[in-house]
Structure formats: C-alpha cells, structure tokens
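In what follows, a structure is listed as structure tokens, so that the remarks can point back to it.
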Amino acid sequence: KAGVTQTPRYLIKTRGQQVTLSCSPISGHRSVSWYQQTPGQGLQFLFEYFSETQRNKGNFPGRFSGRQFSNSRSEMNVSTLELGDSALYLCASSFGQGAGTEAFFGQGTRLTVV
Amino acid sequence: GIQVEQSPPDLILQEGANSTLRCNFSDSVNNLQWFHQNPWGQLINLFYIPSGTKQNGRLSATTVATERYSLLYISSSQTTDSGVYFCAVKGGSQGNLIFGKGTKLSVKP
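So this is what it looks like as structure tokens:
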C-alpha cells in the first residue's frame, strides 16, 4: 500500500510569488491535514480537509489556502510569498475525521523563499 | 488549547544505552502518537497510543491518560535511533494534532 505522497520535494521561490503544493493520501483515507515546520515555531497546524470540505483551520494568514478534490488529493497554496514562509510543509492523511484516527505523514515539501 | 511538553529537549547517549522520553499534556486527549523524524524530514509513526502500553522491538510506550503523560522507552540504542522524537495529541473533537517541541536524540558509536 503506497504511503502519503507529496510533490514536489524541494522548491525555491522568490518573494512575492505564489506556490502550490500537492498531497496524495493513502488509498482509502479521506482526511488530509497540512502542517508547517520551522526551527522557531516547531510543527504548526495549517488546515484539515475531509470529503472536500475544510473542517478545521489553524492560525495562519489568508495567504495560505487549500482545497481537496473528490479523489481526496489535496493542494495547498501560498500567495505573495514572504521570507518567513520558508519551511518544511508536511501533509498527513487519516482514514476518518476527528480525534480517534491515526495520522500518517508524507515526506514533506521543503520550500525556500529567497 | 492543549499544551504538550516534551522532556528532555536534548539527549546524548552511548550506543547500547537505554533512554526514556517523556510527554506531558495539559488536558484529556483521545489520540496520542509518537513519531521519529528522519534526517530527510519525514515523520515516521512509532506508536498510536491514547492509553495503555505497546511494544515494538526495542521500543515501547506507555500512556497514563488519567495523569496526562506518556513515556517512550528506547532500549539498547543504536546510532540509527538518532533524530528528533515528537509526541502529538488530539483532544475533544478536533482533528488536528498538537505537537510538542520534540526531543533531539544523538546516539554516539
């Protein structure tokens, strides 16, 4: 069974540009969550999608957005990139929504903003 | 929201030694996971353990939900155990994990 797949693995962008990251969950999993990891702030929750609906959102500006497709694949978009957006972005998939389900993570996308 | 504290923040061991990592959380939880972050950044699932005790090879974990802590035991450590270990919890109906700051483990040959 394939794991969670994130693309691309590495990305370099210039300030002001926008970027789209992709996440394909484990087959059969319908919940996808996104997290940002930085040395200063640690791992922080961005948003959670289940059945194409955003169920939960972290404390990030509106420049961060996401969506989920009918096949459960998810994308997140960051517009007007800032240097502080440089981070490892991790996607997690789980079978169901809510607290009682185990989450599995992809390898991450390392974004560098210059 | 729930606060998660991990200790110690850093741990240096000689190969073959045993260690205990601790995770304290501030409120009741119904999901607790331990992860190992590899050098490439991926979070590897170690245990899904909202309560009770589990063992997997040289690793074991115990969560005492009523006292709001979890312990990860690593026995006979190997250099490949090096990396950062994270504890993460979910509480109530929330779907997102709340992470601790991690324990950075370095195992010396």
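Protein sequence lines correspond, in order, to chains A and B. All residue numbers for the first sequence refer to my numbering, where the first residue is 987 and numbers rise by one. All residue numbers for the second sequence refer to my numbering, where the first residue is 1266 and numbers rise by one. Don't be surprised by glycine CBs; every beta carbon is placed ideally from N, CA and C. Since the structure is predicted, the reported quantities are computational estimates derived from the model, not experimental observations.
Start and end residues, beta strand (DSSP E) containing residue i
i	result
A1382/B	Any answer about residue 1382/B is impossible in this case: the structure gives chain B only from 1266 up to 1374.
S1080/A	A1073 to S1080
N1310/B	L1308 to Y1313
F1033/A	G1028 to F1036
G1365/B	No beta strand (DSSP E) holds G1365/B; DSSP gives it neither H nor E.
S1341/B	Segment: none, S1341/B is in no beta strand (DSSP E) and carries neither H nor E.
L1069/A	First-last for L1069/A: undefined, no H or E at that position.
T991/A	T991 to T993
D1292/B	Run containing D1292/B: none; DSSP gives neither H nor E here.
D1257/B	In the structure as shown, chain B begins at 1266 and stops at 1374. Residue 1257/B is therefore absent and cannot be evaluated.
W1020/A	S1017 to T1024
V1269/B	V1269 to S1272
Between the CA atoms of residue j and residue i - distance to the nearest angstrom
i	j	result
A1092/A	G1014/A	The amino acid at residue 1092/A is misidentified as Ala; the sequence shows Gly. Between G1092/A and G1014/A, the C-alpha separation is close to 15 Å.
S1072/A	Y996/A	11 Å
F1055/A	L1311/B	29 Å
V1005/A	R1053/A	14 Å
N1295/B	P1315/B	6 Å
S1325/B	V1269/B	20 Å
V1272/B	D1346/B	Reading off the sequence, residue 1272/B comes out as Ser, not Val. The straight-line gap from Cα to Cα measures roughly 17 Å.
A1028/A	K1366/B	Sequence check: residue 1028/A is Gly here, not Ala. One C-alpha to the other measures close to 6 Å.
E1061/A	S1293/B	32 Å
E1068/A	L1097/A	11 Å
T1095/A	R1333/B	33 Å
S1335/B	W1299/B	9 Å
K1043/A	V1329/B	29 Å
Same chain, Cβ closer than 8 Å to residue i, neighbours up to 5 away in sequence not counted
i	result
N1303/B	I1309 and G1348
E1038/A	R1053, Q1054, F1055 and S1056
Nearest-angstrom Cβ-Cβ length linking residue i and residue j, presumed shorter than 8 Å
i	j	result
T1327/B	T1318/B	5 Å
G1281/B	S1342/B	7 Å
N1321/B	E1034/A	In fact, because the Cβ distance is near 27 Å, the residues do not count as touching under 8 Å.
Neighbourhood of residue i by C-beta distance below 6 Å, restricted to the same chain and skipping five residues each side
i	result
L1286/B	L1337, Y1350 and T1368
S1079/A	V990, P1011, I1012, H1015, V1018 and F1090
N1063/A	T1006 and S1051
I998/A	T1098
I1277/B	S1371
Same chain only: Cβ atoms within 7 Å of residue i, ignoring 5 sequence neighbours per side
i	result
Q1022/A	Q1030, L1032, A1073 and Y1075
F1364/B	V1269, F1351 and A1353
E1088/A	S1080
T1344/B	E1280, V1372 and P1374
V1046/A	For the sequence presented, residue 1046/A should be read as Phe rather than Val. Closer than 7 Å at the Cβ level, and outside the excluded window around F1046/A, lie L1032.
N1289/B	E1270, R1333 and Y1334
Proximity test, residue i beta-carbon vs the ligand NAP heavy atom, cut-off 6 Å
i	result
N1310/B	What this structure holds is no ligand at all, so the ligand NAP is not there to describe.
Self-check item: Where the stretch 1303-1328 of chain B meets chain A: residues whose CB sits under 7 Å from a CB there
Solution: W1305, G1306, Q1307, L1308, N1310 and Y1313
Quiz item: Along the stretch 1033-1045 of chain A, what residues have a CB closer than 8 Å to any CB found in chain B?
Solution: E1034, F1036, R1041, N1042 and G1044
Self-check item: Short-range partners of chain B found in the stretch 1066-1078 of chain A, where Cβ spacing is below 8 Å
Solution: L1074, L1076 and A1078
Quiz item: Any residues in the stretch 998-1021 of chain A with a beta carbon nearer than 8 Å to a beta carbon of chain B? Which ones, in chain order?
Solution: S1017, S1019 and Y1021
Quiz prompt | chain B contacts from the stretch 1085-1100 of chain A (Cβ-Cβ distance under 8 Å) | solution = A1085, G1086, T1087, E1088, A1089, F1090, F1091, G1092, Q1093, G1094 and R1096
Quiz prompt | Contact list for the stretch 1274-1298 of chain B against chain A, Cβ threshold 7 Å | solution = N1295, N1296 and Q1298
Practice problem: Compile a chain-ordered list of the residues in the stretch 1339-1361 of chain B whose CB is closer than 8 Å to at least one CB of chain A. | Solution: F1351, A1353, K1355, G1356, G1357, S1358, Q1359, G1360 and N1361
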